[in-house]
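What follows is a short report on a single structure.
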């Protein structure tokens, strides 16, 4: 029975990909019309984190398509470079966690150890593969213990190029009758620059070729680094988003700067960001930290300071499983079971955020439609 179920799911996903032009999802059009902001975008903005990655292996056309069918406003592809200069969607340039490369004997000799963003990693790296070689690989679930349903689709789905993602979005815009945005992230930009595979110009070239030009275009480009966003600000008028983590942006570490994310999160730091970016993407704890018991604490002044600087605030990442939720919102001690993620989202909406990255976009869309 398990084999039949998996085969049926795979056939369903294949059919969805082939029949996308015929698909319809009336609720998406209805919610988009109901919640238009001044810029013509729904608010709060629902950004499908790596696609609908809570239901389908991340960064696949199926994950992006499902996110759109669920009503997401933007889909988020993380971008890395291939050896021959193509842009593909993977969360990391190391491929072992999200593809079946470790099961491919023809690529066994590609396994190696290197430094990526100051961290020593062993595995298979996108920059060692041509696009044709990557196209022979298949996606697998990153966290199968938490998302066993996703893991049933292991080996079914290809690694998409940025152009294939754009083609999908344009097809879905026609079938859905609404605007669907792209929210790409440049992954490891300094690393790829050091390899002679800088992605800034190729990325802008692809977006421009597909009609994504200017601040009104449904595109945000995001990065955890600073200098590549400043480079992008000179190459395009598309909106940029500065991501926040802990410690220091890697490009600042390389150049010997002492600039930290904590400094960037101050009112003065946010005003400096506003000179090159339209928004910020902080990890959730910048807005509502968790207390010593793992529960949501008191909101900080981050959102107000960002808004005062003229920046949109799109925190990451909202996930429905207990493994990721505040302690008081978990439904059980089973990490894979779902808890009260809606309560967490409401708390952040009350704190004034403008949008959110989420693995299960249908939850955020449903919450927004209920308002």
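In mature numbering (1 follows the signal peptide of the UniProt record, and there is no 0), the protein residues as written are -28 to -1, 1 to 343.
For glycine and all other residues, C-beta sits at the position ideal for the given N, C-alpha and C.
Quick caveat: nothing in here was measured; it's all calculated off a predicted structure.
* From 293, 312, 298, pick the residue whose C-alpha is nearest to that of residue 306; which is it? -> Scanning 293, 312, 298 for the CA closest to the CA of residue 306 turns up 293.
* Inspect the beta-carbon positions of residue 169 and residue 53 and report whether they are closer than 8 Å. => Yes, these two residues count as a Cβ contact at 8 Å.
* Asked: Using a Cβ-Cβ cut-off of 7 Å (strictly less than) and excluding sequence neighbours within five positions of residue 153, which residues of its own chain qualify?
  -> Scanning its chain for C-beta atoms nearer than 7 Å, with the 5 sequence neighbours on each side dropped, one finds around residue 153 the residues 45, 46, 190, 191, in chain order.
* Tell me, please, which residues DSSP counts as bridged to residue 61. => Residue 61 is bridged to 51.
* What is the DSSP secondary structure of residue 255, counted as helix, strand or coil? -> Reduced to three states, the DSSP call for residue 255 is strand.
* Asked: residue 211 lies in the beta strand (DSSP E); which residues open and close that run?
  -> Secondary structure note for residue 211: its beta strand (DSSP E) is the uninterrupted segment 211 to 215.
* To do: Could you please give me the residues that DSSP links to residue 327 through a beta bridge?
  => Its beta-bridge partners are 17.
* **Straight-line Cα distance separating residue 337 from residue 327** => Each residue's Cα considered, the two are about 11 Å apart.
* Check each candidate in 309, 89, 324, 23 and name the one with the smallest Cα separation from residue 197. => For residue 197, the nearest C-alpha among the options comes from 89.
* Between which two residues does the beta strand (DSSP E) carrying residue 193 extend? -> Run containing residue 193: 192 to 195, per the beta strand (DSSP E) assignment.
* Asked: Are the Cβ atoms of residue 58 and residue 30 separated by less than 8 Å?
  -> No; because the gap between Cβ atoms is not below 8 Å, this pair is not in contact.
* How do the region 109 to 122 and the region 18 to 32 stand: do at least 3 beta-carbon pairs fall below 8 Å, yes or no? -> Yes: at least three Cβ pairs fall under 8 Å.
* With a 10 Å radius around its C-beta and 16 neighbouring C-beta atoms as the bar for buried, classify residue 323 as buried or exposed. => Buried, because 16 or more other Cβ atoms sit within 10 Å of the Cβ of residue 323.
* **Backbone secondary structure at residue 288 - three-state DSSP** => Strand, per DSSP.
* Buried versus exposed, by CB contacts within 10 Å (16 or more), residue 26 -> Around the C-beta of residue 26, 16 or more other C-beta atoms lie within 10 Å, and the residue is accordingly described as buried.
* To do: Could you check what DSSP says for residue 79 in three-state terms: helix, strand or coil?
  => For residue 79, the three-state secondary structure derived from DSSP is helix.
* For the region 211 to 218 and the region 165 to 183, state whether three or more C-beta atom pairs, one from each stretch, are separated by less than 8 Å. => Because the criterion of three Cβ pairs below 8 Å is not met, the region 211 to 218 and the region 165 to 183 do not touch.
* Do residue 332 and residue 253 have their CB atoms nearer than 8 Å? -> No. Outside cutoff.
* Asked: Opposite residue 93 in the DSSP bridges: which residues?
  -> According to DSSP, residue 93 bridges with 86.
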